[in-house]
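Have a look at the structure below before the remarks.
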Amino acid sequence: MRVLVIGATGYIGSAVVERLIAGGHEVTAYVRPAADGARRVPAAAGERYGDLSDPAALRAALAPGAGQGVESGAGAGFDVVVHAGQLTGDRETDLAVVGVPSAAGARMVYLSGVWVLGAIDGGDEDSPARPIPLVAYRDEVERVVLGGGGSVVRPGVVHGRGSGIPALLRGLAAERGTGVYVSAGGTAPTWTFVHVDDLAELVAAVVERGGPAVYHGVSEEAVPLTDVAEAAARAAGVKEVAEPWPLEEAAKALGAEFAEALALGQRIGAARTRRELGWAPSRPGVVAELTEGSYA
1342 MRVLVIGATG
1352 YIGSAVVERL
1362 IAGGHEVTAY
1372 VRPAADGARR
1382 VPAAAGERYG
1392 DLSDPAALRA
1402 ALAPGAGQGV
1412 ESGAGAGFDV
1422 VVHAGQLTGD
1432 RETDLAVVGV
1442 PSAAGARMVY
1452 LSGVWVLGAI
1462 DGGDEDSPAR
1472 PIPLVAYRDE
1482 VERVVLGGGG
1492 SVVRPGVVHG
1502 RGSGIPALLR
1512 GLAAERGTGV
1522 YVSAGGTAPT
1532 WTFVHVDDLA
1542 ELVAAVVERG
1552 GPAVYHGVSE
1562 EAVPLTDVAE
1572 AAARAAGVKE
1582 VAEPWPLEEA
1592 AKALGAEFAE
1602 ALALGQRIGA
1612 ARTRRELGWA
1622 PSRPGVVAEL
1632 TEGSYA
């Protein structure tokens, strides 16, 4: 398939590009141009340039014949657009952007996230969206994608390759001398997780045989944050205990909305996704990855 990847230089997007190329797809990266004019994603068949704050730029990039040759990507248009980029924070702009691919005859695969479900204990692909403030209107974005015949992928907290939120927890442990998790009081929350390479395999499966549906990228349904914080402390080489970080204090350091997201408790499954797509995540879990893998 001819696939345009938005966010191709990002943490998740770069893994998706690698997996799609390995699967034989013709991948073009949609990126901002480099200041020196160099290719930003050399492994891709081509690049098209634009900014997610400008829906017209994406519309032009998707037009058949918009670019010719290796530098621009094939000129025949695209079968699928994978949106692995960040939303701009402007609701009207983001809703307009995700509506562009279907109007251009391409199917959209949009990477959302489980935080759109809010606090939940036992969620699945059919659970109603209750987005927290950090991902406000993300559910509206999902509905636009699904209404245009596209697919939505909701990853859990992504780990692996030494990056993502686990890297933040490792850094916090190194600074504070102990493992730490954000707490709004009461028991420590649980999170859902997925390894970035397992997630990339899921996205490839959705590109190849997914339908207009929600898919969950979850390999671990409910990992106690005390376990994750202790593993982060071990990775940082500090005292292997988990201490709560009061939400009010964390909000001052990280911002209120992000701190609230880190205090969110969730347990979410992906049974339908695994069944329908044959997705079988196989990479290490977050604790093993922190203590023995890319964060160690």
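Numbering (our numbering), first residue to last: 1342 to 1637.
C-beta: ideal position from N, C-alpha, C; glycine also.
Excluding five sequence positions before and after Ala1591, the CB atoms of its chain that fall closer than 6 Å to its own CB belong to Val1523, Ala1600, given in chain order. According to DSSP, residue pairing for Trp1532 in a beta bridge involves Val1564. Looking at the DSSP output, Ala1370 sits in a beta bridge with Val1346, Glu1388. According to the DSSP assignment, Asp1538 belongs to no beta strand (DSSP E) but to the alpha helix (DSSP H) extending over 1537-1550. Short of 6 Å from the beta carbon of Arg1613, and not among the five residues preceding or following it, lie these beta carbons of its own chain, in chain order: Glu1466. Counting along the chain, the unbroken alpha helix (DSSP H) around Tyr1352 starts and ends at 1352-1363.
For Glu1581, the enclosing beta strand (DSSP E) starts and ends at 1580-1587. The residue from Gly1512, Ala1470, Thr1531, His1557 with its alpha-carbon nearest to that of Arg1575 is Gly1512.
For Ser1492, the closest alpha carbon among the candidates Gly1526, Val1548, Ile1506 is that of Val1548. Setting aside the 5 residues that flank it on each side, Val1441 is surrounded in the same chain by Pro1396, Leu1399, Arg1400, Leu1403, each with a C-beta closer than 7 Å to its C-beta; the list follows chain order.
C-alpha of Ala1525 to C-alpha of Arg1360: approximately 38 Å in a straight line. Shortest Cα-Cα distance from Val1344 to any of Gly1619, Leu1605, Ser1560, Val1544 involves Val1544. Arg1495: member of the beta strand (DSSP E) spanning 1492-1496, first to last residue.
With contacts defined as CB atoms closer than 7 Å, Ser1560 and Pro1507 fail to qualify as a contacting pair. Secondary structure of Asp1480 (DSSP, three-state): helix.
Rounded to whole angstroms, the Cβ separation of Gly1626 and Phe1534 is 7 Å, and the two are in contact under 8 Å.
By the neighbour-count definition (other C-beta atoms within 10 Å, threshold 16), Glu1571 is a buried residue. The beta-carbon distance between Ala1363 and Ser1355, rounded to whole angstroms, is 13 Å. This is too long to meet the 8 Å contact definition. Take Arg1517, set aside five residues on each side of it, and no residue of its chain has a beta-carbon closer than 7 Å to its own. Minimum Cα-Cα distance from Tyr1352 among the listed residues Asp1435, Gly1488, Val1498 corresponds to Val1498. Per DSSP, reduced to three states, the secondary structure at Leu1452 is strand. Nearest in C-alpha terms to Ala1637, of all of Glu1542, Leu1540, Gly1503, is Gly1503. As DSSP reads the structure, Gly1520 sits in a beta bridge with Ala1583.
Counted as a single uninterrupted DSSP element, the alpha helix (DSSP H) harbouring Asp1435 occupies residues 1432-1444. Under the three-state reduction of DSSP output, Gly1558 falls in the strand class. Each of Lys1593, Arg1479, His1366, Ile1347 was checked against the Cα of Asp1392, and the nearest Cα belongs to Ile1347. Taking every protein chain shown into account, the CB of Ala1376 has fewer than 16 other CB atoms within 10 angstroms, so this residue is exposed. Ranking Arg1380, Glu1633, Ala1386 by CA distance to the CA of Gly1365 puts Ala1386 first. Cα atoms of Ala1546 and Trp1620: separation of roughly 8 Å, rounded to the nearest angstrom. Nearest Cα to Val1421 within the set Gly1501, Ala1470, Ala1370: Ala1370.
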